[in-house]
Amino acid sequence: MVPETRLPPLIVLLGPTAVGKTELSLNLCHQFGGEVICADSRQMYRHMDIGTAKPTPEEQQQAPHHLFDIRNPDEPISLAQYQQLAFTTIDDIHQRQRVPFLVG
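Count along the sequence shown starting at 1, add 144, and that's the number in my numbering.
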């Protein structure tokens, strides 16, 4: 008999801008002890708040948020760079026995 292995959870919430992903992610973070990871290609950049529906400072205080505002607009990030940051962040959240919510 093969022993059951259980992977740690990773919840992914994807959809178009302004459909309620932030509100849903915050509700789920409160319910399941989660933390939000940015998966939006524009919300990673500083000074790009308007038009991206980036979580407000008040919303970001309701649950830990990661990978928002990590670059200036003139500092592009490659998929490989983002992947490394995301994997490291997910591992860190799992180490603290919390649930990562990848939102974008």
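The beta carbon of each residue, even a glycine, is placed where N, CA and C say it ideally should be. Note that the coordinates shown come from a computational prediction; the quantities given were computed from them, not determined experimentally.
Same chain, Cβ closer than 6 Å to residue i, five either side skipped, listed in chain order
{"i": "Ala197", "result": "Thr161, Ala162"}
{"i": "Tyr189", "result": "Arg215, Pro217"}
{"i": "Gln187", "result": "Thr196, Lys198, Phe212"}
{"i": "Ile155", "result": "Phe245"}
Of the listed residues the options, nearest to residue i (C-alpha basis)
{"i": "Pro152", "options": "Val247, Gln239, Gly248", "result": "Gln239"}
{"i": "Gln227", "options": "Glu179, Ser185, Gln206", "result": "Ser185"}
{"i": "Ala183", "options": "Pro147, Gly177, Asp213", "result": "Asp213"}
{"i": "Gly164", "options": "Glu203, Gly177, Thr149", "result": "Glu203"}
Boundaries of the alpha helix (DSSP H) in which residue i is found, first to last residue
{"i": "Glu202", "result": "201-206"}
{"i": "Ile155", "result": "That residue, Ile155, is in no alpha helix (DSSP H); its beta strand (DSSP E) goes 155-157."}
Pair within 8 Å by beta-carbon distance, residue i and residue j
{"i": "Thr191", "j": "Pro217", "result": "Rather than Thr, the amino acid found at residue 191 in this sequence is His. Contact flag set, yes."}
{"i": "Ala230", "j": "Leu211", "result": "yes"}
{"i": "Pro199", "j": "Thr233", "result": "no"}
{"i": "Leu168", "j": "Leu157", "result": "yes"}
{"i": "Val247", "j": "Ile194", "result": "no"}
Residues near residue i in its chain [Cβ-Cβ closer than 8 Å; skip 5 each side]
{"i": "Glu179", "result": "Cys173, Ala207, Pro208, His209, His210, Ile237, Arg242, Val243, Pro244, Phe245"}
Contacts around residue i, its chain only, beta-carbon distance under 7 Å, and the 5 residues preceding and following it disregarded
{"i": "Gly177", "result": "Arg242, Val243"}
Residue i - containing beta strand (DSSP E), residue span
{"i": "Glu179", "result": "178-182"}
{"i": "Phe212", "result": "Counting along the chain, Phe212 falls outside any beta strand (DSSP E), and DSSP gives it neither H nor E."}
key: the region 167-181 / the region 237-246 touching (three or more Cβ pairs under 8 Å)   = yes
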